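The opening position of the sequence shown corresponds to residue 25 in the numbering used here, with each subsequent residue numbered one higher.
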Amino acid sequence: MNRRWLVPAGLAAAALIVAGCGSSGGSGGASSGGSALKTAKIGGATVLTNAKGFTLYWFALDTSTTSKCNGTCAGVWPPVPGPATLASGVRGHLGTIARQDGSTQATYNGHPVYTYGGDSKPGQNNGNGITASGGVWHEVTVSGSAPAPSSTTGRSGGYG
Numbered sequence: 025m026n027r028r029w030l031v032p033a034g035l036a037a038a039a040l041i042v043a044g045c046g047s048s049g050g051s052g053g054a055s056s057g058g059s060a061l062k063t064a065k066i067g068g069a070t071v072l073t074n075a076k077g078f079t080l081y082w083f084a085l086d087t088s089t090t091s092k093c094n095g096t097c098a099g100v101w102p103p104v105p106g107p108a109t110l111a112s113g114v115r116g117h118l119g120t121i122a123r124q125d126g127s128t129q130a131t132y133n134g135h136p137v138y139t140y141g142g143d144s145k146p147g148q149n150n151g152n153g154i155t156a157s158g159g160v161w162h163e164v165t166v167s168g169s170a171p172a173p174s175s176t177t178g179r180s181g182g183y184g
C-alpha cells in the first residue's frame with residue numbers, strides 16, 4: 025500500500041518541479057513526452073526542437089547512459105521525458121536513459137536531451153554555448169554532432 029502511495033507522490037513532486045520552472049519564465053519544454061520532436065532553423069543551424077518549437081540541448085559532461093544534470097541543474101535544464109518520437113522526415117536515433125531520480129529521459133543520437141529555462145519562446149537558442157554546472161551546453165543539431173570549435177570556450181550561465 026505504501027508503494028502505491030509513493031509513486032503518485034513522486035510524480036506529483038516531479039510535476040511541481042516542472043511547473044515551477046515554467047512559472048519562472050522557463051519554456052515549459054519538458055512537457056514534450058508523447059509528442060514528436062521536430063527540426064527548426066535557428067541561428068543559421070537546423071536544430072532539434074520539442075513539439076512546441078523550443079530548442080533541445082545536450083550537455084558535454086553526459087554520457088550515452090548517464091545524465092550529469094540533476095537537482096538544481098535539471099530545474100534550469102529540464103530533461104526531455106522519454107520515450108519521444110521523431111516527426112516525419114527527421115532523421116536520427118532516439119533512445120532513453122534512466123535518470124538518477126528514476127524518471128526516463130529521451131536521448132538523440134546517444135545524447136540525453138534537455139530544454140533550457142532561459143528560452144522563453146520557440147525559436148530561441150539562448151542556452152547554446154553556455155558553460156554551466158561544470159560543462160558546456162550545446163544545441164542539438166540535426167546531425168547530433170558538436171558545433172564547430174569557436175574562439176571562446178562558452179558563456180557563463182551564471183549558476184552552478
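Even glycine gets a Cβ: it sits at the ideal position worked out from N, Cα and C.
Computed from a prediction, not measured in an experiment: that's the story for all the values here.
**OP:** Return the CA-CA distance between Gln124 and Leu80, expressed in angstroms with no decimal places.
**Re:** Those two C-alpha atoms are separated by around 20 Å.
Original post:
With burial defined as no fewer than 16 other Cβ atoms inside 10 Å of the residue's Cβ, what is the status of Lys62: buried or exposed?
Top reply: With 16 or more neighbouring CB atoms inside 10 Å of its own CB, Lys62 falls in the buried class.
Original post:
Per DSSP, what kind of secondary structure is Gly99 in: helix, strand or coil?
Top reply: Gly99: helix per DSSP, three-state reduction.
Original post:
Is it buried or exposed for Gly151, if we count other Cβ within 10 angstroms and need 16 for buried?
Top reply: By the 10 Å Cβ count, Gly151 comes out buried.
Original post:
Does the beta-carbon of Pro187 have 16 or more other beta-carbons within 10 angstroms, so that it is buried, or is it exposed?
Top reply: The structure shown does not extend to residue 187, since the chain is modelled only from 25 through 184, so no value can be given for it.
**OP:** Give the DSSP-derived three-state secondary structure of Ala156 in the structure shown.
**Re:** Collapsing the DSSP output to three states places Ala156 in a strand.
Original post:
Exposed or buried, what is Thr96 when buried is set at 16 or more other beta-carbons lying within 10 Å of its beta-carbon?
Top reply: Exposed.
Original post:
Where do the ends of the beta strand (DSSP E) carrying Thr131 lie?
Top reply: In the DSSP assignment, Thr131 falls within the unbroken beta strand (DSSP E) covering 128 to 132.
**OP:** With DSSP collapsed to three states, give me the class of Lys92.
**Re:** In the structure shown, Lys92 adopts coil according to DSSP, grouped into three states.
**OP:** In angstroms with no decimal places, state the Cα-to-Cα distance between Glu163 and Ser127.
**Re:** Each residue's alpha carbon lies about 22 Å from the other.
Original post:
With burial defined as no fewer than 16 other Cβ atoms inside 10 Å of the residue's Cβ, what is the status of Val31: buried or exposed?
Top reply: With a pLDDT of 36 at Val31, under the threshold of 50, the modelled position of that residue is not reliable, and the figure given next carries that caveat. So Val31 ends up on the exposed side.
Original post:
Thinking just about the alpha-carbon of each residue, which of Trp101, Val137, Thr87, Cys93 is nearest to the one in Thr109?
Top reply: Nearest C-alpha to Thr109: Val137.
**OP:** Using 10 angstroms around the beta-carbon of Ala156, count the other beta-carbons present and answer buried if the total reaches 16, otherwise exposed.
**Re:** Under this definition Ala156 is a buried residue.
Subject >> Supposed close pair Cys93, Trp101 - CB separation, criterion 8 Å >> reply: Between the beta-carbon of Cys93 and that of Trp101 there is about 5 Å, and that keeps the pair under the 8 Å contact cut.
Subject >> From Thr131, Lys145, Gly67, residue whose alpha carbon lies closest to that of Ser91 >> reply: Just measuring C-alpha positions, the residue of Thr131, Lys145, Gly67 sitting nearest Ser91 is Thr131.
Original post:
Looking only at C-alpha atoms, which of Thr87, Gly113, Lys76, Gly141 sits nearest to Ala122?
Top reply: If you compare the alpha carbons of Thr87, Gly113, Lys76, Gly141 with that of Ala122, the shortest gap goes to Thr87.
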